[in-house]
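The structure under discussion appears below in the form of structure tokens.
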Ligand SMILES: [Zn+2]
Ligand SMILES: [Zn+2]
């Protein structure tokens, strides 16, 4: 079309005084709209002396075609005011605009107009109204329109079913589908796909497969839309064999040219760890979009195959596809997950050199990777760096940081992050809350954990599990049980983790009967098959309570092959009850299963030492030497103000060691007056008793507690973290210390929490 020729003709018509009729004006609007831009068309329309109905409709459509949604809606309003008659087709288009704009109020006004003009039985208008309401999340209004329709065609049914399925009202969607069949309208592929995608989008994956079966039963051919929904479900279910069948179907029906199908298949293989198949799909794809590239790069990167990932990245650049933040973040995540935080940080710098800004996802990947790999210090440093770059944390960042605090039992840091999450409004986020519960219970502040838990509005299974575990590690068996009952009462179904938590609770509280009840009940009433973890809890429970024979029979009869945790639990119980015979039996298995775990050797030497069997102590010690088993580094630490004080058995002594020992000697003599007798059986070196007393005094947790008593106000509880099981003597000493100095002491050892108050411990001497 010649741009100027059109204008010349228009000018010529005006000059000659030609009366422009409807058709000419309509043609003019069309011409200006498509050649000169919508402004010129609107101007031409404004200059027309009388605006008849077709012109109104024409100008509204022209604005819609040019994506001038607001102008179109305004013109529609003006036309109504001036009494113009609107066409059905225009209303449909305007309603579609309301969907695009999320303009519910405008949509309602148009609905009112439809009713006023008596157009409420116009099929396509009604169908558009249904779509408009359901896409604006107002299913009840959509339903009213649907129910009031005199006739319904296929597209009416599709609109309403798509509305319900899209918003996750899956039962309603299925009922409507059934009604549709009964009413004699045959569902087409669009209807079926609505059902598929709704179920796949809202987590009803097994139902997707049922629907698929029914589709095949009625002989329907799947299209690319159906395939992508089905593959999504297959990915979530991990049914890789079924996925391969679908892949076959795709090839047989030549659907593999569709870029979405290709990308879904690729994603399926990547997420199910079939990188070779993924590569084949990728290589065969004709059009690869950025999703395809990112999917495969993430696959390599999460598997730690960084060379392949980097190669793909440069190939991608060569083919002219620019990596986006998602691409880079895949690499950051991969490197961080595999403990290569240096490389991950380097990728962050590379992102910047490509002119992009690393976002909260990039930084959180780095932070959470460090936390998972127990590089806790790094994870805080990266957090500070992130804040310095002006990136605001999100709930995932906060959760990873809290996990870091929980891992280190860093209460103060954890409290700071709690404040931060209050400030940034994350306290509603159930993931953050669950991480807070974990942090508080692992840092010895169970009360705060419970406070956070009670405030959660929609408690997830994970948050229940976390709270139950919190009570369990403190040995509050009754609370564990009542919390479990409460959880079942509100209709949350327990899983295998819940039962690990309950059994740990029973174990730490010595509730043998209850333990049996839950162990037997889990498979009987909840259909959960006990795993090795549950068996190990039971062995521990029976053994600690002194039922060593029962524990051994239990191991003999269990259907799973006992692993190191089972024998370790038995050995630990033998230590409590001084049973050398069973201990030797357990440790023999342990030496086979984990020959390099020094804790087993130490426990056994301990047991021999108690019975003065020094020959045997030496034998075990020699065995360690021959096998090259290194003694585990033993350390304790305490945080005073902002500083962490570290006490280790082998390393450098604490700078204030002299004062600490002086205070400890004083303390012990005070304690002895109240009846404290050092338990020299905890020393497995064959030395004289005075020397043994000295060795006992040097245990790291005693030093850490003493330092706390010296430096902290008596109103602040002392919190000490120790990496290995505390010995009986330190346990007794801590009880006396809490009594003599009237100071609460909380110790987290390698096994559990001990809360000492007024000469008693929360564990009831059973750990
Ligand atoms: Zn000790
Ligand atoms: Zn204790």
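Numbering (UniProt numbering), first residue to last: 1 to 767. Just so it is clear, CB atoms sit at the ideal spot from N, CA and C, and this is done for glycine as well.
Candidates the options: which alpha carbon is nearest residue i's?
i           : options            : result
residue 699 : 150, 714, 686, 724 : 724
residue 639 : 647, 633, 119      : 647
residue 635 : 641, 650, 100      : 650
residue 276 : 444, 616, 299, 255 : 299
residue 343 : 318, 369, 324      : 369
residue 514 : 495, 538, 621, 385 : 538
residue 496 : 461, 63, 169       : 461
residue 660 : 711, 625, 689      : 711
residue 70  : 481, 54, 98, 516   : 98
residue 237 : 260, 271, 130      : 271
residue 617 : 625, 219, 626, 606 : 606
residue 449 : 202, 65, 402       : 402
residue 132 : 153, 113, 105, 148 : 105
residue 674 : 654, 739, 625, 614 : 739
residue 27  : 55, 8, 102, 181    : 55
residue 512 : 475, 215, 288      : 475
residue 43  : 34, 507, 52, 29    : 29
residue 345 : 362, 39, 191       : 362
residue 735 : 459, 749, 762      : 762
residue 181 : 589, 655, 153, 260 : 153
residue 378 : 355, 359, 579, 408 : 408
residue 597 : 612, 339, 628      : 628
residue 225 : 239, 217, 265      : 265
Can you tell me whether residue i is buried or exposed, with buried defined as 16 or more other CB within 10 angstroms of its CB?
i           : result
residue 187 : buried
residue 11  : exposed
residue 466 : buried
residue 485 : exposed
residue 158 : buried
residue 676 : buried
residue 254 : exposed
residue 384 : exposed
residue 162 : buried
residue 364 : buried
residue 46  : exposed
residue 716 : exposed
residue 622 : exposed
residue 531 : exposed
residue 507 : buried
residue 536 : buried
residue 487 : buried
Which same chain residues, not among the five before or five after residue i, have their C-beta less than 6 Å away from its C-beta?
i           : result
residue 87  : 57
residue 78  : none
residue 411 : 443
residue 670 : 740
residue 130 : 142, 145, 146, 159, 160
Going along the chain, which residues of its own chain have a beta-carbon closer than 8 Å to the beta-carbon of residue i, five neighbours each way excluded?
i           : result
residue 230 : 196, 200, 208, 209, 212, 222, 246
residue 326 : 290, 294
residue 501 : 465, 468, 469, 472, 480
residue 380 : 401, 404, 413
residue 709 : 663, 667, 718, 737, 741, 743
residue 575 : 583, 603, 606, 607
residue 185 : 152, 153, 154, 157
Quick test of your reading: residue i and residue j, contact by CB under 8 Å. State the CB separation rounded to the nearest angstrom.
i           : j           : result
residue 610 : residue 681 : 4 Å
residue 94  : residue 125 : Actually they are not in contact, since the Cβ atoms of residue 94 and residue 125 sit about 10 Å apart, beyond 8 Å.
residue 472 : residue 442 : Rounded, the Cβ-Cβ distance is 12 Å, inconsistent with contact.
residue 404 : residue 353 : Not really, about 29 Å apart at Cβ, beyond 8 Å.
residue 664 : residue 706 : 5 Å
residue 701 : residue 726 : 6 Å
residue 336 : residue 366 : 5 Å
residue 429 : residue 393 : Actually they are not in contact, since the Cβ atoms of residue 429 and residue 393 sit about 12 Å apart, beyond 8 Å.
residue 567 : residue 586 : 5 Å
residue 582 : residue 552 : 6 Å
residue 440 : residue 422 : At roughly 14 Å, the Cβ-Cβ gap does not stay under 8 Å, so residue 440 and residue 422 are not in contact.
residue 546 : residue 569 : Rounded, the Cβ-Cβ distance is 14 Å, inconsistent with contact.
Whose C-beta lies closer than 7 Å to the C-beta of residue i among residues of the same chain, with five residues either side of it excluded?
i           : result
residue 268 : 231, 234, 235, 243
residue 309 : 297, 300, 301, 331, 334
residue 679 : 728, 729, 732
residue 437 : 449, 452, 453, 463, 466, 467, 470
Using a C-beta cutoff of 7 Å, does residue i count as contacting chain C?
i           : result
residue 135 : Any reference to chain C falls outside this structure, which holds one protein chain only.
*Taking a cut-off of 5 Å, which residues have a beta-carbon closer than that to any heavy atom of ligand 1, in chain order?*
My final list is 699, 727, 730.
**Asked** So which residues touch the region around ligand 2, with touch meaning a C-beta under 5 Å from any heavy atom?
**Response** 754, 761, 763
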